[in-house]
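Those protein sequences? They're chains Y and D, same order as listed.
For what it's worth, our numbering labels the leading residue of the first sequence as 34, then goes sequentially.
For what it's worth, our numbering labels the leading residue of the second sequence as 34, then goes sequentially.
2 protein chains.
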Amino acid sequence: MPLCVALVHSPVVNKHGKVVTSSITNFDIHDIARSCRTFGVDRYFIVTPSEPQQWLARRIVRHWGEGWGATYNPRRKDALSLIEVVSDLPEAVSRAEALLGQRPWLVGTSARPRPESLSTQDLRTRLETGDEAFCLVFGTGWGIHGDLMDSLDFSLEPIRGVGDYNHLSVRAAVAIILDRLRGTPTA
Amino acid sequence: MPLCVALVHSPVVNKHGKVVTSSITNFDIHDIARSCRTFGVDRYFIVTPSEPQQWLARRIVRHWGEGWGATYNPRRKDALSLIEVVSDLPEAVSRAEALLGQRPWLVGTSARPRPESLSTQDLRTRLETGDEAFCLVFGTGWGIHGDLMDSLDFSLEPIRGVGDYNHLSVRAAVAIILDRLRGTPTA
């Protein structure tokens, strides 16, 4: 049942395929936290090894979580309270384990098809019926680095639309995958 | 089959329920254009009566559509080419009619349930099997003003997640609704 989201800023690739650490984007913090809150995600990990970037992310969360910001928009505080800033994925896993009482499986996401990927329907069923915990891993920039992707427990099928264009923003990808896993449209 | 998206900046309501014209947000331009491109939307209308805001939106689209911007990231150009900036919904309808050869039904979206709303599954079926055209209407700020909402042809069921929290970003809402209407997850 438990579900976490991790947004990875390193190691990711840039448009030239080079390994980089991407910067934190303010809209990633807010949009993804609001999607996580809507779909009952237990924790939203922002993953970056950069200490100044960690400071920035925590500063933004604190701004909306305390004092004036919390009063101005309590729904924003509510969503951002899901955020935890960590240095790398092992730290996210260990924090998730402390929170959930079990180690989550890491499920990588990518715009490119990969062999033996899990379908969103299969993952939805396992979330609804099993007692396993999962953490969805999303990459910023042009996606999670291949070596990191290979090290994860599962990969999720890419989002397909109409045709070949597959350049959704990470914010849109998180929203769609959470809706596929947890949304309740009228039949 | 044809499907358009309109993002309305006026009349919308602010957090106090007051009617306002909201500002254009750069991420609304990019994220929503990329989602529209992924899910085969025919036109993405950015609706604002403010001439300086229209100028700004067109300037951003042109930046990525010509010269350096188009070379730097052709996929961005590709998505932003779906954008048309208009003053109000009647102008969007008339432009859509010119493009599609038929007047689209206007389908309002809201985070609040409304009587007799269309389910996303019903709309998906009508899009797949019928010869009608539809234009999804999304509000910025805290949503489309009630009078405008009442004037539209249909309203779409709200996105429900887990629990009562329904404060998705408009970017996330557009992504989820387009995926529900046009996405092709593995069964």
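Note that the Cβ used here is the ideal one computed from N, Cα and C, for glycine as well.
* D/R67 beta carbon less than 7 Å from that of Y/S202 -> Reading the first sequence from its first residue, position 169 is the one you call residue 202 of chain Y. Reading the second sequence from its first residue, position 34 is the one you call residue 67 of chain D. Y/S202 places its beta carbon less than 7 Å from that of D/R67.
* Asked: Can you find a CB in chain D that lies within less than 7 Å of the CB of Y/F78?
  -> Position 45 of the first sequence, counted from the first residue, corresponds to residue 78 of chain Y. Under the Cβ criterion of 7 Å, Y/F78 is not counted among the residues facing chain D.
* Asked: Considering D/W138, what are the terminal residues of the beta strand (DSSP E) in which it resides?
  -> Translated into positions along the second sequence, residue 138 of chain D becomes position 105. Where D/W138 is concerned, the enclosing beta strand (DSSP E) stretches over 138-141.
* List the residues of chain D that Y/V195 touches, going by C-beta distances under 7 Å, in chain order. => The sequence position of residue 195 of chain Y within the first sequence is 162, counting from 1. F72, G73, R215, listed in chain order.
* Have a look at Y/L156, Y/F171, Y/E130 and flag the residue whose alpha-carbon is nearest the alpha-carbon of Y/V46. => To locate residue 46 of chain Y, count along the first sequence from 1; it is residue 13. Selection Y/L156, Y/F171, Y/E130 evaluated against Y/V46 yields Y/F171 as nearest (Cα-Cα).
* Does any residue of chain Y bring its CB to less than 7 Å from the CB of D/D64? -> For the purposes of this step, residue 64 of chain D is identified with residue 31 of the second sequence, where counting begins at 1. Under the Cβ criterion of 7 Å, D/D64 is counted among the residues facing chain Y.
* Is there a Cβ from chain Y that is less than 7 Å from the Cβ of D/T153? -> Residue mapping note: residue 153 of chain D aligns to position 120 of the second sequence, counting from 1. With a threshold of 7 Å between beta carbons, D/T153 makes contact with chain Y.
* Kindly list, in the order they appear in chain Y, the residues whose Cβ is closer than 8 Å to that of D/E161. => One-based indexing of the second sequence puts residue 161 of chain D at position 128. Within chain Y, no residue comes near D/E161; the closest Cβ sits about 11 Å away, beyond 8 Å.
* Any idea if D/T162 is buried or exposed, counting beta-carbon neighbours within 10 angstroms, 16 or more meaning buried? -> Against the second sequence, residue 162 of chain D aligns to sequence position 129. In the assembly as shown, D/T162 is an exposed residue. Its beta-carbon has fewer than 16 other beta-carbons within 10 Å.
* Counting Cβ pairs, one atom from each stretch, are 3 or more of them under 8 Å apart for the region 127-135 of chain D and the region 191-199 of chain Y? -> The region 127-135 of chain D, when compared against the region 191-199 of chain Y, does not touch it at the 8 Å Cβ threshold.
* chain Y residues whose Cβ lies nearer than 7 Å to that of D/F167 -> Numbered from its first residue, the second sequence carries residue 167 of chain D at position 134. By Cβ distance, chain Y contributes nothing, its closest Cβ being about 15 Å from D/F167, past 7 Å.
* Asked: How big is the Cα-Cα spacing for D/R151 and D/G174?
  -> One-based indexing of the second sequence puts residue 151 of chain D at position 118. One-based indexing of the second sequence puts residue 174 of chain D at position 141. Strictly speaking, residue 151 of chain D in this sequence is Leu, with Arg absent from that position. One C-alpha to the other measures close to 23 Å.
* With a cut-off of 7 Å, does the C-beta of Y/D61 fall near any C-beta of chain D? -> Locating residue 61 of chain Y in the first sequence gives position 28, where the first residue counts as 1. Under the Cβ distance rule, Y/D61 does not count among the residues neighbouring chain D, no pair being separated by less than 7 Å.
* Interface flag, Y/L201 vs chain D, CB-CB below 7 Å -> Working through the first sequence from its first residue, we reach residue 201 of chain Y at position 168. In terms of beta-carbon proximity, Y/L201 lines the interface with chain D, with at least one pair separated by less than 7 Å.
* Burial state of D/R92 (16 or more Cβ within 10 Å) -> As a first step, residue 92 of chain D must be located in the second sequence, where it is residue number 59. By the 10 Å Cβ count, D/R92 comes out exposed.
* Rounded to whole angstroms, how far is the Cβ of Y/I233 from the Cβ of Y/L169, which I believe are closer than 8 Å? -> This structure cannot settle anything about residue 233 of chain Y, because the visible part of chain Y is limited to 34 through 220.
* Rounded to a whole number of angstroms, what is the C-alpha to C-alpha distance between D/W138 and D/D186? -> As a position in the second sequence, residue 138 of chain D is number 105, starting the count at 1. As a position in the second sequence, residue 186 of chain D is number 153, starting the count at 1. Cα to Cα, the separation comes out at about 6 Å.
* Should D/T219 be flagged as near chain Y, meaning a C-beta pair shorter than 7 Å? -> For the purposes of this step, residue 219 of chain D is taken as residue 186 along the second sequence, with counting starting at 1. Any Cβ of chain Y closer than 7 Å to the Cβ of D/T219 would place that residue at the interface, and such an atom is present.
* Asked: So, is the C-beta of Y/D164 closer than 7 Å to a C-beta in chain D?
  -> Along the first sequence, read from residue 1 onward, the residue named residue 164 of chain Y stands at position 131. Not an interface residue.
* Does the distance from the CB of Y/G176 to the CB of Y/S143 come in under 7 Å? -> Position 143 of the first sequence, counting from 1, holds the residue named residue 176 of chain Y. Position 110 of the first sequence, counting from 1, holds the residue named residue 143 of chain Y. Cβ distance < 7 Å, so Y/G176 and Y/S143 count as in contact.
* **Exposure of D/E99, with buried meaning 16 or more beta-carbon neighbours within 10 Å** => Locating residue 99 of chain D in the second sequence gives position 66, where the first residue counts as 1. Taking all protein chains in view, the Cβ of D/E99 is surrounded by fewer than 16 other Cβ atoms within 10 Å, so the residue is classified as exposed.
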